[in-house]
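Once you know that position 10 of the sequence shown is 10 in UniProt numbering, the rest is easy, because the numbers rise by one and skip nothing.
From the three backbone atoms N, C-alpha and C, an ideal C-beta is built for every residue, glycine too.
Note that this is a predicted model, so its numbers are computed, not measured.
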Amino acid sequence: MDTKDPAQRENNPVYSHTDNSEVNLTDDQWKKILPRNVFDIARNKGTERPWTSPFESSNEIGTYYCAVCGNPLFRSDTKFESGCGWPSFYEPISKGSIIYAADHSYGMDRTEVMCGRCKSHLGHVFNDGPAPTGLRYCINGVVLDFEKAQEAEKKYNEGKK
Ligand SMILES: [Zn+2]
Numbered sequence: 001m002d003t004k005d006p007a008q009r010e011n012n013p014v015y016s017h018t019d020n021s022e023v024n025l026t027d028d029q030w031k032k033i034l035p036r037n038v039f040d041i042a043r044n045k046g047t048e049r050p051w052t053s054p055f056e057s058s059n060e061i062g063t064y065y066c067a068v069c070g071n072p073l074f075r076s077d078t079k080f081e082s083g084c085g086w087p088s089f090y091e092p093i094s095k096g097s098i099i100y101a102a103d104h105s106y107g108m109d110r111t112e113v114m115c116g117r118c119k120s121h122l123g124h125v126f127n128d129g130p131a132p133t134g135l136r137y138c139i140n141g142v143v144l145d146f147e148k149a150q151e152a153e154k155k156y157n158e159g160k161k
C-alpha cells in the first residue's frame, strides 16, 4: 500500500531508510523538496483531517518511515485501532527515532512528537494508549511512508504450509 509516488523522492537528497545522520534544512529548502501537503504538516505543524489517511485502518505488516527524510519510525505490530481518526502506535522503533516537545497551543497541554532525524512534526503522544507502554502516538498519515515486510510475510506464509 505505497501511496507515495517514488518520483517524489528523486528531488529529495536527504531521503534514506538507513542514513541516520541529522538533517538540518531551512524551510525554503524543504519547500522545494517536499510535496505541498507533506510540507504543511511536517514543517508548519499542520494536522490532516481525521479519517483521511489510508494508513488509519491499514493492517499490513511492515515499517512506517518519516515521509520527509525516510527515518524508520514505527513497526506495524505496534499499530492499533484507536478510533481517533489518525494512525496510532503505542511505541516507536527506537528511543532516538522520535523527539518530544511540550505543546501548549490551542489552550491544550500536549506533547508534540517529531522525527528524531529531521525534526519534522509528526503528531502528538497521549497517555491513554494500550499496554505495554500505555501511550498513544497519534500520527498524521501524510508524513508517513510505509514499506511492506515482504520477506517477513513470505516466511510467515511458508511456515503455515
Ligand atoms: Zn524525518
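heavy atom of ligand 1 below 6 Å from residue i C-beta
| i | result |
| --- | --- |
| R75 | no |
| C138 | no |
| N24 | no |
| N71 | yes |
| C84 | no |
| V142 | no |
| R117 | yes |
| V14 | no |
| S94 | no |
| A68 | According to the sequence as given, residue 68 is Val; it is not Ala. V68 Cβ: within cutoff of ligand 1. |
| S97 | no |
| S57 | no |
| S21 | no |
| S120 | yes |
Paired residues, beta bridge with residue i - DSSP
| i | result |
| --- | --- |
| T89 | Correcting the residue identity first, residue 89 is Phe in this sequence and not Thr. Partner(s): K79 and Y137. |
| R36 | For R36, which the question treats as bridged, DSSP gives no partner whatsoever. |
| T111 | A102 and V125 |
| F74 | Y64 |
| F146 | Y64 |
Cut-off 6 Å between Cβ atoms - residues of its own chain near residue i, not counting five sequence neighbours on either side
| i | result |
| --- | --- |
| A82 | One point to set straight first is that residue 82 is Ser, not Ala, in the sequence displayed. Only S88 and R136 meet the Cβ criterion. |
| D2 | In this prediction, D2 has a pLDDT of 49, which is less than 50 and means its spatial position is unreliable; nothing more can be read from the coordinates. |
| I33 | N11 and N12 |
| A7 | Here the model assigns A7 a pLDDT of 45, short of 50, so the residue's position is not dependable, and the following value carries that caveat. Result list for A7: empty, nothing under 6 Å. |
| R43 | D27 and W30 |
| G141 | S53, F55 and P87 |
| S76 | I61 and G62 |
Proximal residues to residue i (C-beta, below 7 Å), its chain only, five neighbours per side dropped
| i | result |
| --- | --- |
| R117 | N20, E22, V23, C66, C69 and N71 |
| P130 | F80 and Y90 |
| E48 | I41, N140, G141 and V142 |
Run of the alpha helix (DSSP H) containing residue i, from where it starts to where it stops
| i | result |
| --- | --- |
| K32 | D27 to I33 |
Exposure of residue i, with buried meaning 16 or more beta-carbon neighbours within 10 Å
| i | result |
| --- | --- |
| W51 | exposed |
| residue 162 | Only positions 1 to 161 of the chain appear in the structure, and residue 162 is not among them; the question remains open. |
| E60 | exposed |
| M114 | buried |
| P132 | exposed |
| D128 | exposed |
| S94 | exposed |
Closer than 7 Å to chain C by CB, residue i
| i | result |
| --- | --- |
| L25 | Of the protein chains in the structure, only one exists, and it is not chain C. |
Run of the beta strand (DSSP E) containing residue i, from where it starts to where it stops
| i | result |
| --- | --- |
| C66 | G62 to C66 |
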